[in-house]
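Written below as structure tokens is the structure these notes are about.
Numbering (my numbering), first residue to last: 159 to 326.
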């Protein structure tokens, strides 16, 4: 049976990125992370939604035999894709390093720091089993802007990751 790599990756993204980014804010819990879009009455801003949108085989292993430590088995390169959305309300203010960030400046800070953290995230801190991440790719932020009818600033990006999926 395959290991629970998809949930390990999702937990690492949510916890790891949240811990690092919120660690830079004055209160340590200013930015709210969600694994899916929350119900409207439950959402807190600024919100980051890390939404899994696809997963599947990226490449079969040659002969489908792989070695992991002293064991061996079958497996493949498996991929997972996410859409990451950031939504800030016009009135959100966060203090970072003694400076107040709000509106577009806050959105830009969150975009840059999410990109940095998911690129450098150490998955070994969140794994119950050995996992080998092969490639991570942030495809750039898009739909960056302001929605006057909701008074929200927002941005979205695509993020993909591939890893060795070992099976017994």
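The C-beta atom is built at its ideal place from N, Cα and C for all residues, glycine as well.
1) Got a sec? Which residues, its chain only, sit under 6 Å from residue 320 by beta carbon, not counting five neighbours each side?
2) Please work out which residues of its chain come closer than 8 Å, Cβ to Cβ, to residue 175, disregarding the five sequence neighbours upstream and downstream, and give them in chain order.
3) Give me the Cβ distance between residue 242 and residue 317, rounded to the nearest whole Å; I'm assuming they're in contact under 8 Å.
4) Quick one: grab the DSSP three-state call for residue 274.
5) Taking DSSP as the reference, what is the three-state secondary structure of residue 309?
6) Determine, using beta carbons only, whether residue 289 and residue 166 come nearer to each other than 8 Å.
7) Between the beta-carbon of residue 304 and the beta-carbon of residue 233, is there less than 8 Å?
8) Going along the chain, which residues of its own chain have a beta-carbon closer than 7 Å to the beta-carbon of residue 247, five neighbours each way excluded?
9) Got a sec? Which residues, its chain only, sit under 8 Å from residue 258 by beta carbon, not counting five neighbours each side?
The relevant details are as follows:
1) 216, 235, 237, 292, 293
2) 191, 206, 208, 272, 275, 276, 279
3) 6 Å
4) The three-state reading of DSSP puts residue 274 in helix, counting H, G and I together.
5) coil
6) yes
7) no
8) 203, 309, 310
9) 251, 252
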